[in-house]
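Residue numbers (this note's numbering): 272 to 442.
Ideal Cβ positions, reconstructed from N, Cα and C, are used throughout, including at glycine.
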């Protein structure tokens with residue numbers, strides 16, 4: 272049986288899962304730092320009142336954090352009281368901005384690396400074509416390919432009859 276594009280994409284997704292997990296952990300860290308910075312910028316009385324009378328406040332789940340001229344937009348935050356619901360400006364320390372910016376750069380690099388690795392795995396598996404060759408030349412990927420292998424089958428990815436019937440439909 273040959274390795275199809277669908278199978279190679281599913282195997283590639285499983286193989287890049289550790290990179291995806293790292294991206295998620297960095298994104299979560301970025302969100303936590305942002306939420307802490309926002310909570311630290313709010314007066315205690317306002318936070319207490321917001322907890323008691325949440326429905327009376329205008330809320331936001333996104334913010335523009337700034338320090339001087341440097342701004343960073345953050346989304347998917349926990350709701351907090353704000354003057355506007357559309358990216359209210361909140362002043363935070365320069366260390367927070369620098370840390371958030373470094374995390375963003377790491378996340379962007381990891382996303383690029385994940386895409387390149389994913390595409391390389393798919394290409395490699397498609398060029399190997401068979402499970403036997405993948406087992407010999409790419410044993411790490413074969414560990415994930417095992418579940419798709421049907422021993423004794425050497426069928427094409429689409430049977431010839433299906434291909435011909437599809438073509439005849441449109442003639």
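Would residue i and residue j qualify as a contact pair, given that the criterion is a beta-carbon distance under 9 Å?
i           : j           : result
residue 310 : residue 347 : no
residue 364 : residue 288 : no
residue 263 : residue 331 : One cannot answer for residue 263 here, as it falls past the ends of the chain, which runs 272 to 442.
residue 290 : residue 388 : yes
residue 345 : residue 371 : yes
residue 378 : residue 336 : no
residue 304 : residue 374 : yes
residue 293 : residue 399 : no
residue 376 : residue 286 : no
residue 306 : residue 349 : yes
Look up residue i in the DSSP assignment and give the residues it is bridged to.
i           : result
residue 352 : 330
residue 361 : 336
residue 273 : 401
Please list, in chain order, all residues of the same chain as residue i whose beta carbon is under 8 Å from its beta carbon, the five residues on each side excluded.
i           : result
residue 437 : none
residue 396 : 274, 278, 279, 282, 283, 405, 409, 412, 416
residue 385 : 287, 290, 291, 294
residue 355 : 329, 331
Residue i by DSSP, collapsed to three states: which one?
i           : result
residue 344 : strand
residue 287 : coil
residue 313 : coil
residue 426 : Confidence is the limiting factor: at residue 426 the pLDDT is only 48, short of 50, which leaves the residue's position unreliable and the question unanswerable from this model.
Can you list, in chain order, the residues of its chain whose CB lies under 7 Å from that of residue i, leaving out five sequence neighbours each side?
i           : result
residue 328 : 321, 352
residue 360 : 335, 337
Ordered along the chain, which non-local residues of its own chain (more than five positions away) have a Cβ less than 6 Å from that of residue i?
i           : result
residue 342 : 335
Next on the checklist: Threshold first: 3 residues or longer. Then list the beta strand (DSSP E) segments lying entirely within the stretch 356 to 422, N to C.
Outcome noted: 360 to 362, all fully within the stretch 356 to 422.
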